[in-house]
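Here my numbering is used: position 130 in the sequence shown is 140, and no number is missing along the way.
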Amino acid sequence: MKVAIIGAGIIGVTTAYELSRDGHDVTVFERRAAAAEETSFANAGIVAPGYVTPWAAPGMPQKVLKHLFSAHGPVKLAWPLSARDLAWMWRWWRACDAGTYMATRRQLQQLAFYSRERLHHLTHDLQLQYDRSDGFMVLLRDAQDQAMVQPGLAVLRELGIAFHEVPGHVARAVEPALNPDTPLVGAVHVPGDEVGNCRQFALLLKDEAQALGCRFEFNTEVERIEAQPSRVWVRPRQGAGAADAQTFDTIVLSAGVHSAALARPLGVHIPLTAVYGHSISMAVREDMDAPVSGVMDERYKVAISRMGQRVRVAGGAEIGGRADRHGKHAFDTLHKVLYDWFPGSARHGRTGGQMQTWKGARPMLPEGPPLVGASAVPGLWLNLGHGSSGWALSCGSARVLADQLSGRSPGLDATALSPSRLPA
């Protein structure tokens, strides 16, 4: 089958590899100059299936309102707020009930475990070498933090996920560089989870897809798509003149937040919005002062990850605003959390090092699970809406879509991922 994939982030690249592996004739269109240059570029890199949860949870609206007025709150609103953002927040608020949350959390975690299994399979079979480390801990500053994680731990127990609730001194033994001056009552240690460099993996897998015959058309803007027959109208990103039409049997839309605008003229209305995340990445200053793997500050929802000889600090959720307008408050929070836990770990401007800053648009759906599968429009397939869990869900989502496109039953029940749940 001749397949076009729109988008070469981690979702598009994993999809391209799986479809090429199955023998399809695949072309990927990407507006950037290389793969994984937007949302997949500098994310936290956490692969922790038990902590892949939907935003739409009971009590979340109240928590978000409280965070809006906190100096270092993990959720912020930014201007301008579009009508799309407001409509998304209304749908999200309506989905914050216990029944919806428990169902979507189980679905997401089932996909996340399947995806981690596929990630390990690809890494082993293809001998991919990228920055990664084993283990993940959620740091709890006080008794209030401990109480906040208990409902989530109950779900982990129900699912049979191995984890350890440990006191502070044991957490410090797992991560010896943790600052002794920062209060730490305990932690949740998940030794089976891991940290990995998403962009490095995407670039390596892109090479493997190309070796199977997949073509990547970079610096190429997709102007519009059509159905029956399936056509993709493209032009060079800096080019002028009329767009060129290419015909395919199937189009797979994996273009992040831009997917909604491309699908809308076909009558497919995808309630996506951008929830921006931020990160800073710096070279390790001293190994003994840096994290061994990955930790998450439960209070501020900030992850600190070891990426080879770099430390990455990532977090924040900003609704509204613009991708090119970096919020100072978000980076202030990242620096605060890094200094709280690993004050001497990284080289920054004051110590002769360079710091990479990043802001990425996570493509979020209001209810939770991504859309993976055939849309109501013949020839148009979707693999999008993974939010902040794109790296953790990418390999599994790609394999599910490839199996469905080839007429096989996927390795898990994918009913909840079906685009049939989209509003008419």
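Yeah, the Cβ is synthetic: ideal placement off N, Cα and C, and Gly gets one too.
Check whether residue i and residue j have beta carbons under 8 angstroms apart
i: Thr257; j: Arg241; result: yes
i: Phe173; j: Val198; result: yes
i: Cys208; j: Ile20; result: yes
i: Val151; j: Pro193; result: Val is not the amino acid found at residue 151; the sequence shown has Arg there. Yes, these two residues count as a Cβ contact at 8 angstroms.
i: Phe226; j: Ala43; result: no
i: Tyr140; j: Gln220; result: no
i: Glu308; j: Leu149; result: yes
i: Pro376; j: Trp102; result: yes
i: Leu129; j: Cys405; result: yes
i: Thr230; j: Arg31; result: no
i: Met147; j: Val23; result: no
i: Gly277; j: Ala88; result: no
i: Ser143; j: Arg316; result: yes
Supposed close pair residue i, residue j - CB separation, criterion 8 angstroms
i: Val200; j: Gln156; result: Contact doesn't hold; Cβ gap of about 16 angstroms is too wide.
i: Phe39; j: Val244; result: 6 angstroms
i: Val321; j: Val294; result: 6 angstroms
i: Thr49; j: Arg372; result: 6 angstroms
i: Ile235; j: Leu272; result: 6 angstroms
i: Leu214; j: Ile16; result: Rounded, the Cβ-Cβ distance is 22 angstroms, inconsistent with contact.
i: Ala45; j: Ala18; result: 4 angstroms
i: Cys106; j: Ala67; result: 6 angstroms
CA nearest to the CA of residue i, picked from the options
i: Leu415; options: Leu390, Ala293 and Gly400; result: Leu390
i: Gln238; options: Ala386, Gly395 and Ser143; result: Ala386
i: Trp98; options: Tyr61, Pro281, Gly421 and Val62; result: Pro281
i: Asp342; options: Gly83, Ile21, Leu29 and Gln220; result: Gly83
i: Thr260; options: Glu28, Thr37 and Tyr27; result: Thr37
i: Pro161; options: Gly69, Asp191 and Ala252; result: Gly69
i: Phe2; options: Gly337, Met292, Gly400 and Gln366; result: Nothing about residue 2 can be read from this structure; the chain reaches only from 11 to 434.
i: Glu218; options: Asp191, Leu136, Gly202 and Pro275; result: Leu136
i: Ile132; options: Gly318, Gly266, Thr25 and Pro420; result: The question names Ile, but residue 132 in the sequence shown is Leu. Cα-wise, what sits closest to Leu132 is Thr25.
i: Ala255; options: Glu233, Ala270 and Pro275; result: Glu233
i: Ala284; options: Leu422, Gly417 and Gly370; result: Gly370
Same chain, Cβ closer than 8 angstroms to residue i, neighbours up to 5 away in sequence not counted
i: Leu344; result: His288, Ser289, Ile290, Val312, Val323, Ala324, Gly325 and Gly326
i: Pro433; result: His279 and Pro281
i: Leu427; result: Gln117, Leu121, Pro379, Pro380, Leu381, Val382, Gly383, Ser407 and Val410
i: His339; result: Ala81, His82 and Lys86
Contact set for residue i: own chain, Cβ-Cβ below 6 angstroms, skip 5 residues either direction
i: Val302; result: Glu185
i: Lys73; result: none
i: His268; result: none
i: Pro59; result: Gln119, Ala122, Phe123 and Arg126
i: Pro177; result: Gly196
i: Ile171; result: Gly60
i: Leu29; result: Val13, Val36 and Ala412
i: Leu392; result: Leu263, Leu381, Ser385 and Pro429
Exposed unless 16 or more other CB atoms sit within 10 angstroms - verdict on residue i
i: Val62; result: buried
i: His396; result: buried
i: Thr114; result: buried
i: Ser355; result: buried
i: Pro4; result: Because the chain spans 11 through 434 in this model, residue 4 falls outside it and cannot be assessed.
i: Glu328; result: buried
i: Ala399; result: Checking the sequence, you will find Ser at residue 399 rather than Ala. Buried: at least 16 other Cβ atoms inside 10 Å.
i: Pro90; result: exposed
i: Lys216; result: buried
i: Leu75; result: exposed
i: Trp100; result: exposed
Residues near residue i in its chain [Cβ-Cβ closer than 7 angstroms; skip 5 each side]
i: Ala153; result: Val195
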